[in-house]
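Heads up: the structure comes next, in structure tokens.
In the UniProt record's numbering, the protein residues as written are 1 to 322.
Shown next as structure tokens:
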């Protein structure tokens with residue numbers, strides 16, 4: 001494995017040396033993947049290592065470091081943004097054992113702004129945004145803040161177009177309250193890919209009302225019906241879009257990436273891989289296929305060429321599946 005500081009940015013080099021000593025080794029993605037799968041489940045993971053992203057220039061210093069546990073969940077949208085933009089970055093994987101033994105107690109005692117004692121955490125390694133007092137890199141906590149910060153830094157938030165930026169932000173808030181169940185879980189009362197596994201093909205037509213707009217916030221619809229209503233709302237937006245993207249931008253934005261990540265999970269064999277046809281969502285189907293073809297995204301999703309995407313797990317037990 002490479003030395004802990006072999007690819008640190010100049011921002012970090014100006015920081016306190018104590019912070020650098022906490023960095024784990026840089027390893028090959030396949031090495032990390034093998035270690036995780038050997039642990040069998042999330043709770044027994046002991047790995048603590050860094051890997052490079054799939055699509056950024058491997059010879060360039062990383063612009064960001066994203067730290068999270070060995071799972072997709074709250075880090076997958078930020079990682080997909082970095083891969084879509086082919087940005088050099090590091091993913092710091094913290095197994096459950098080193099998290100509970102060392103990192104959690106250390107983070108719990110920190111009092112710096114942006115530290116909440118939880119993961120994920122993003123380090124922006126640009127010296128221009130480093131702390132003027134000690135040169136330490138900007139740290140951003142909270143899943144949604146990380147996503148928005150990356151989108152702004154990578155030009156995936158609508159840019160100077162105020163209308164586009166507001167539209168994208170509004171759609172992202174809608175996505176987070178529905179498909180991410182307000183950040184509580186991916187399988188919740190508002191949306192769950194698992195609830196659509198055995199849902200009938202006519203569910204979208206049979207649900208009353210058939211649109212998310214017509215639903216009351218408090219209702220007695222099933223999780224499958226709520227999930228279909230949410231997907232149907234995105235389908236309607238894409239059908240009207242002149243560009244094929246949710247915010248009407250010429251290229252994908254962060255809300256497109258967020259939706260795409262959920263569609264990837266829905267496409268898993270254990271859920272509903274035929275969702276576009278079964279539920280009558282052709283625009284979403286085209287959207288999914290288009291985003292998947294972007295070079296950075298395609299490379300990240302190709303297990304044959306890159307083993308750095310975190311493995312899926314199944315509940316209960318959080319056992320890894322391949």
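For each residue, glycine too, the CB sits at the ideal point set by N, CA and C.
Bear in mind the structure is a predicted one, so any value in this text is a computation, not a measurement.
Three-state secondary structure assigned by DSSP to residue i
i, result
"residue 63", "coil"
"residue 139", "strand"
"residue 129", "helix"
"residue 97", "helix"
"residue 319", "strand"
"residue 31", "helix"
"residue 26", "strand"
"residue 122", "strand"
"residue 21", "Low per-residue confidence applies at residue 21: pLDDT is 46, beneath 50, and the placement is therefore not dependable, though the value from the model is reported in the following sentence. It is helical."
Buried or exposed (CB count within 10 angstroms, at least 16 for buried), residue i
i, result
"residue 85", "buried"
"residue 53", "buried"
"residue 111", "exposed"
"residue 42", "buried"
"residue 304", "exposed"
"residue 217", "exposed"
"residue 270", "exposed"
"residue 220", "exposed"
"residue 83", "buried"
"residue 143", "buried"
"residue 50", "buried"
"residue 374", "As shown, the chain starts at 1 and ends at 322. That puts residue 374 outside it, with no answer to give."
"residue 21", "For residue 21, the predicted model reports a pLDDT of 46, less than 50, meaning its position is unreliable and no value from the coordinates is stated."
"residue 240", "exposed"
"residue 315", "exposed"
"residue 109", "exposed"
"residue 293", "exposed"
"residue 72", "buried"
"residue 296", "buried"
"residue 159", "exposed"
"residue 199", "buried"
Residue i and residue j closer than 8 Å at C-beta
i, j, result
"residue 253", "residue 244", "no"
"residue 46", "residue 98", "yes"
"residue 154", "residue 87", "yes"
"residue 78", "residue 171", "no"
"residue 141", "residue 114", "yes"
"residue 308", "residue 116", "no"
"residue 201", "residue 223", "no"
"residue 93", "residue 120", "no"
"residue 318", "residue 36", "no"
"residue 125", "residue 146", "no"
"residue 136", "residue 192", "no"
"residue 325", "residue 66", "This structure leaves residue 325 out entirely; the chain is present only between 1 and 322."
"residue 284", "residue 276", "yes"
"residue 76", "residue 261", "yes"
Any non-hydrogen atom of the ligand ADP within 7 Å of residue i CB
i, result
"residue 299", "Judged by which ligands are present, the structure shown has none, so any question about the ligand ADP falls away."
Counting only runs that start and end within the UniProt domain "GST C-terminal" (161-317), where is the beta strand (DSSP E) found for 3 or more residues in a row?
-> Every beta strand (DSSP E) of 3 residues or more that sits fully in the UniProt domain "GST C-terminal" (161-317) is shown, in chain order, as 312-314.
Determine, using beta-carbon pairs with one atom in the stretch 257-274 and one in the stretch 285-299, whether at least three such pairs fall under 8 Å.
-> With the cut-off at 8 Å, the stretch 257-274 and the stretch 285-299 touch.
Minimum length 3: unbroken beta strand (DSSP E) runs contained in the stretch 35-89 | Complete beta strand (DSSP E) runs here, min 3: 48-52 and 64-68.
Stretch-stretch touch, CB-based, cutoff 8 Å, three pairs: the stretch 59-67 with the stretch 31-38 | These segments do not touch.
How do the stretch 156-166 and the stretch 176-194 stand: do at least 3 beta-carbon pairs fall below 8 Å, yes or no?
-> Because the criterion of three Cβ pairs below 8 Å is not met, the stretch 156-166 and the stretch 176-194 do not touch.
Would the stretch 217-234 and the stretch 125-141 be scored as touching if the rule is three or more Cβ pairs under 8 Å?
-> As far as the Cβ criterion goes, the stretch 217-234 does not touch the stretch 125-141, which means the pair count is below three.
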